[in-house]
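Novice: Sharing a structure, written as structure tokens. Questions coming.
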Amino acid sequence: KFDLRKKITAAMIEVCKDRNDHEGVTFWEWVLVLLDCAGHDFMLDDEDMTRTIARCIKQVALLKWRHPYFLKLFRFIDVILGIENMVFQQHGKAPMERVRTSQVSSWPAPPGRPPSFYAPIFLASLTLPQKTALKMDEIEFTLCHFEEDLDD
Numbered sequence: 358k359f360d361l362r363k364k365i366t367a368a369m370i371e372v373c374k375d376r377n378d379h380e381g382v383t384f385w386e387w388v389l390v391l392l393d394c395a396g397h398d399f400m401l402d403d404e405d406m407t408r409t410i411a412r413c414i415k416q417v418a419l420l421k422w423r424h425p426y427f428l429k430l431f432r433f434i435d436v437i438l439g440i441e442n443m444v445f446q447q448h449g450k451a452p453m454e455r456v457r458t459s460q461v462s463s464w465p466a467p468p469g470r471p472p473s474f475y476a477p478i479f480l481a482s483l484t485l486p487q488k489t490a491l492k493m494d495e496i497e498f499t500l501c502h503f504e505e506d507l508d509d
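So the mapping is simple: the numbering used here equals the position in the sequence shown, first residue as 1, plus 357.
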């Protein structure tokens, strides 16, 4: 998921440059920096849980430690594949449908990220030794608030 989201982001930077969309370039360049800072293990969301019904789906659990902003941002990036069909063409097997659930994942919070990457409620619930174990990056990463553009 991490590599795909980075490819989508890089492609969207080029699309925005071609369209002279400076605001779009700024947004997608910021997303690329954010993804690099977050890293691969920040994307873990229990995607291996599959349930067989009429079709196979991926049940995506909530990460209680991840800032809620990332859910909207990652959902937005994932939807780009369907919207920008002139840029991204389907190759190979169709991706499995992702269904978000209210189930909370047991994945531990990855250490070494900026405090802004973690949910404030999660950080508030930690003891001092637990916070120390997170080895949070001392450099603050400001989350750009594009929520009005990311709302469903």
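Using N, Cα and C, we set each Cβ at its ideal position, and we do this for glycine too.
(1) In the DSSP assignment, find the unbroken beta strand (DSSP E) run with Ala418 in it and report its ends.
(2) Closest to Lys415 by CA distance: which of Trp422, Thr458, His424, Val382 is it?
(3) Distance, Cα to Cα, Ser473 vs Phe359?
(4) Can you tell which of Pro471, Ala481, Ala476, Leu480 has the C-alpha that lies nearest to the C-alpha of Glu497?
(5) Just the C-alpha distance for Thr489 and Asp398, rounded to the nearest angstrom, thanks.
(6) Between the region 420-435 and the region 459-467, do at least 3 Cβ pairs fall closer than 8 angstroms?
(7) Please tell me whether Ile434 and Ile365 are closer than 8 angstroms, where the distance is taken between their beta carbons.
(8) Using the three-state DSSP reduction, which class does Ser459 fall into: helix, strand or coil?
(9) Residues bridged to Arg423 by DSSP?
(10) Report the residue from Phe384, Cys394, Lys374 whose alpha carbon sits nearest the alpha carbon of Glu495.
Specialist: Judging by the given coordinates:
(1) For Ala418, the enclosing beta strand (DSSP E) starts and ends at 413-419.
(2) Nearest option by C-alpha distance: Thr458.
(3) Cα-Cα distance, rounded: 19 angstroms.
(4) Nearest option by C-alpha distance: Pro471.
(5) Computed Cα separation, rounded: 19 angstroms.
(6) Counting Cβ pairs under 8 angstroms, three or more are found: they touch.
(7) Going by C-beta atoms, Ile434 is nearer than 8 angstroms to Ile365.
(8) Correct three-state label for Ser459: strand.
(9) Arg423 pairs with Tyr475.
(10) For Glu495, the nearest C-alpha among the options comes from Cys394.
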